[in-house]
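Q: To convert a position in the sequence shown, counted from 1, into the numbering used here, add 8. The beta-carbon is built from N, C-alpha and C at its ideal position, and this holds for glycine as well. This structure is in structure tokens; I'll ask about it shortly.
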Amino acid sequence: MQILVTGGAGFIGSHTCVELLKRNIDLIILDNFYNASPKVLDRIETITGKRPALCVGDIRDEALLDTVFAENDISAVIHFAGLKAVGESVEKPLLYYGVNIEGTVKLLSAMDRAGVRKIIFSSSASVYSDEAACPFSEDSLTGCTNPYSWTKWMIEQILTDLHRADDRWKIVILRYFNPIGAHPSGLIGEDPKGIPNNLLPYVAQVAVGRREKLGVFGNDYPTPDGTGVRDYIHVCDLARGHVLALEKMEELPGLEIINLGTGKGSSVLEVVSAFEKASGKPVPYEIKPRRAGDKPECYCDPEKAKRLLGFETEYSLEDMCRDSWNWQSKNPFGYEQPE
Ligand code: WQD
């Protein structure tokens, strides 16, 4: 049995590969390194003692996909590959619909041709509507505010229709809340290109001295300290959720949508203070206007993940900050050192 991991060199993908290899599950990574580094492969090998097989290429390349399925004994796919920057998706919607939607349809078609009908799909808590109230459960109202989130929403619909048309498909859709942290070894972690869009990489880069100060997007939300509240989940917990989904897939009825989060919200200022404590470094910040499209709060009801997968998170916000700092301080410029 071999698992095809699309986007396996990325942040969540690489941590999931480590978790699979730890359990002796054989895998092959398909990645075009658009937003990932080939050095990840060496790091995964150092952590696990095993080097994953690699196919360099794009999920939109149908001939390549057919070759991958023909030449390997793949039993299921964990599909991470895709673009994920909300702001960029607003500026380049066709790029996002092309890579995420067209790429996924091509992947599913190749799987169908090869008779591989098991997939775990990376979806996002950003599919929950602004009209829905926290905690979000899987049947909370959905609705999106940007093309990135619409691609996730539309792929969920495509998968639902596919399962309706052919019940041989086994599909698990995982809606991630806010993955942060890094592998405790400090060998793999999040390495965004350019100015980070997300809170944790930005905070980590301020603490390590790459950026002067954090802009806090709004302190007048109806939350305890006025700043945005999110459900941060350690990437190693998230990775373990995928392995559990893979193991339980056979027992599940066919298509399941499952939240992966802790169920606990933390504010921007709570994260800043936890990070300062974990790193021993100051994280100066200034209050800025709200960022367009942000919700005041976003945290999940984790009950379904516990009931169906036996999934419960193990790492605290302190652990997440400690591991994120360990990664950032050992690799201040990520995988590539500056010239
Ligand atoms: C968290 C909080 C910000 C940066 C997005 C996507 C989602 C998922 C994760 C992508 C908010 C505040 C942030 C900064 C700040 N997918 N913030 N200053 O917005 O919950 O979700 O990322 O890969 O689909 O929508 O995450 O980390 O950007 O923001 O004050 O410089 O931090 O306003 O309250 P978000 P985030």
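1. When the Cα atoms are used, what is the spatial distance from F88 to V291?
2. Please check if any C-beta of chain C sits within less than 8 Å of the C-beta of T24.
3. Compare the Cα-Cα distances from Y229 to each of N186, L277, Q336 and R68 and report the closest residue.
4. Does the distance between the C-beta of V291 and the nearest non-hydrogen atom of the ligand WQD fall short of 7 Å?
5. Please report the Cβ distance between F225 and R299, rounded to the nearest whole angstrom; I am assuming they are in contact, meaning their Cβ atoms lie under 8 Å.
6. Just to confirm my understanding: we take L263, look at its own chain, exclude 5 residues before and 5 after, and list those with CB closer than 6 Å. What are they?
7. Give me the Cβ distance between Y240 and V211, rounded to the nearest whole Å; I'm assuming they're in contact under 8 Å.
8. If the criterion is Cβ atoms closer than 8 Å, does the pair V8 and I55 meet it?
9. In the DSSP output, which residue or residues are listed as bridge partners for V85?
10. For a minimum of 4 consecutive residues, which ranges assigned as the alpha helix (DSSP H) are wholly contained in the segment 225-292?
11. With respect to 7 Å, is the separation between the Cβ of G249 and the closest non-hydrogen atom of the ligand WQD below this value?
12. CB-CB under 6 Å to S287, same chain, minus the five flanking residues each way: which ones, in chain order?
13. Answer with buried or exposed for D39, where buried requires no fewer than 16 other C-beta atoms within 10 angstroms of its C-beta.
14. Return yes when the C-beta of K92 is under 7 Å from any heavy atom of the ligand WQD, and no when it is not.
15. For I196, which of V76, M9 and H23 has the nearest alpha-carbon?
16. Using the Cα positions of P222 and N205, report the straight-line distance between them to the nearest angstrom.
17. Indicate the three-state DSSP secondary structure (helix, strand or coil) for D302 in the structure shown.
18. Whose C-beta lies closer than 8 Å to the C-beta of E294 among residues of the same chain, with five residues either side of it excluded?
19. Helix, strand or coil for E27? Go by DSSP, reduced to three states.
20. For A84, I'd like the list of residues in its chain whose CB is within less than 6 Å of its CB, leaving aside the five on either flank, ordered along the chain.
21. Comparing the CB of V276 with every heavy atom of the ligand WQD, is any distance shorter than 7 Å?
22. Quick one: residues in its chain with C-beta nearer than 7 Å to the C-beta of K201, no 5 flanking neighbours on either side, listed in chain order?
23. Hey, would you say the C-beta of N267 is under 7 Å away from at least one heavy atom of the ligand WQD?
24. Run through the segment 158-228 for me and flag every whole alpha helix (DSSP H) of 4 or more residues, listed as ranges in chain order.
25. Any heavy atom of the ligand WQD closer than 7 Å to the CB of F319?
A: On the basis of the supplied data:
1. 31 Å
2. The chain inventory of the structure shown lacks chain C, comprising one protein chain alone.
3. L277
4. no
5. 4 Å
6. H171 and I179
7. Their Cβ separation, rounded to whole angstroms, is 11 Å, which puts Y240 and V211 out of contact at 8 Å.
8. Outside the shown range of the chain (9 to 347) lies residue 8, about which nothing can therefore be said.
9. L12 and I127
10. 243-256 and 276-287
11. no
12. A215 and W333
13. buried
14. yes
15. H23
16. First, the residue type needs correcting, since residue 222 is Leu and not Pro in the sequence shown. Cα to Cα, the separation comes out at about 11 Å.
17. coil
18. K221, L222, G223 and V224
19. helix
20. I11 and K126
21. yes
22. N43
23. no
24. 207-215
25. no
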